[in-house]
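For what it's worth, the working numbering labels the leading residue of the sequence shown as 10, then goes sequentially. Beta carbons are placed, not taken as given, at the ideal position from N, Cα and C, and that holds for glycine. Computed from a predicted structure; not experimentally measured.
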Amino acid sequence: MSKNYDLAVAWRIYPGVSKTPIIFPDNKFQLVKTCLQSFRLSADGLRVRYFFILDGCPPSYNELIHSIFPITDTTIIETPSIGNWATFKKQIEILLEQENADAVYFAEDDYLYRPGEFKKMLEMLRSGTDVDFLSCYVHMDTFTHPIHQHPKEQRMVNGQHWKTDSSTCLTFLTTKQTLLATKDVLLTYSNGNNDCAVWLVLTKTFILNPVAYIRFFFTNKESFNILKMAVKYSLRYFFSGKRYKLWIPYPAIGTHLEKDLVSPDVDWLGLSKKINDADAFTAEA
């Protein structure tokens, strides 16, 4: 099959509300609807092949997806509430098996995206051989958490500012080639590893520095425990593979919606309101 799409996306959707989102905290269906609509607007102009993993979702979610995305570009996979670890593993399988696009995106169901901005992620992905992974999200931990306090590279591509970082969440962009090379490390998450620990192994941040283990043991037990998870689940990968680079956009192109952890410098509540007011919303807003 020819690669006739710019991007392949595998989306994990679960009907339960996780933690406390800043929008629709008691209505997961409306939250998912808003997030899906925001992605469609963000990816405007891109040819996108969609794969949706509906994990224990009622039929209304199928109807929602078909009301937003073209049926010819969309595949729905229904799973019987198999959970977070198993659906992440399925994302890896789907994105490696598909032959529609070289660029692949792991999506979670509680992210909101800025309109017309997703193309900047693809531009960055194609900008250099040292661009391995990209997140749409600026996590607030980036500014304060010890795991994120390390030297960072910076780059400007087509007006978008990027910085390297040690870790992010499990919504990210990469290529099939990089995914194939790193799938064994990523799959440790499905075996119980911590998502931050997965990224530390891929970016080779702190894991090979014995001083960091000692410092975190005495100063920040959360960071120390993350390193312990990395050792427990992926020690055999510490000395293999290259040091992959993860890039973060400033300002964010999208955000996780958990209260107190949304990306700064963007009016996400205002954006959500515009998306849910079709008459008032335009892609230029």
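- Restricting attention to I101, K12, L121, the CA atom closest to the CA of T197 is found in I101.
- Taking 8 Å as the upper bound for CB-CB distance, N203 and I235 are in contact here, some 6 Å apart.
- A contact between stretches requires three or more CB pairs, one per stretch, nearer than 8 Å, and the region 200-215 meets this requirement with the region 230-245.
- When the Cα atoms are used, G263 and Y122 turn out to be separated by approximately 4 Å.
- Taking one beta carbon from each stretch, the region 165-185 and the region 64-79 have fewer than 3 pairs nearer than 8 Å; the two do not touch.
- With respect to the 7 Å criterion, F181 and F226 are not classified as neighbours on the basis of their beta carbons.
- Residue pairing from DSSP leaves I80 without any beta-bridge partner.
- Within the same chain, and ignoring the five residues on either side of D174 in sequence, the residues whose Cβ sits closer than 7 Å to its Cβ are T151, H157, K161, L255, I257.
- For the pair W94 and S199, the CB atoms are nearer than the 7 Å cut-off.
- Secondary-structure assignment with DSSP links T173 through a beta bridge to W256.
- Residue nearest to L280 within the set H75, L50, K172 is L50 (criterion: CA-CA distance).
- Taken in chain order, the complete alpha helix (DSSP H) segments of 4 or more residues contained in the region 114-184 are 128-134, 150-153.
- Bounds of the beta strand (DSSP E) holding L16 are 16-22.
- Partner residues in the beta bridge of V57, as assigned by DSSP, are L16.
- Burial is judged here by how many other beta carbons sit within 10 angstroms of a residue's own beta carbon; T153 has fewer than 16 and is exposed.
- Fully enclosed alpha helix (DSSP H) runs of no fewer than 4 residues occupy 204-212, 219-228, 230-243 of the region 201-243, in order along the chain.
- Per DSSP, T264 lies in no alpha helix (DSSP H) segment; the continuous beta strand (DSSP E) that holds it begins and ends at 263-265.
- Beta-bridge partners of A112 (DSSP): T184.
- Secondary-structure assignment with DSSP links I86 through a beta bridge to I62.
- Residue state for P68 is assigned as helix, using DSSP reduced to three classes.
- About 6 Å separates the Cβ atoms of I31 and V271, confirming a contact at the 8 Å cut-off.
- Of the candidates L16, F38, K282, L105, F38 places its Cα closest to the Cα of S69.
- Taking C-beta atoms as the reference points, A112 and T184 count as a pair closer than 7 Å.
- For C145 and T84, the gap between their C-alpha atoms comes out near 23 Å.
- Using a Cβ distance threshold of 7 Å, S90 and D64 count as a contacting pair.
- The beta-carbon distance between A17 and Q107, rounded to whole angstroms, is 5 Å. This is short enough to meet the 8 Å contact definition.
- Each residue's CA atom was taken as its position, placing L217 and Y253 some 14 Å apart.
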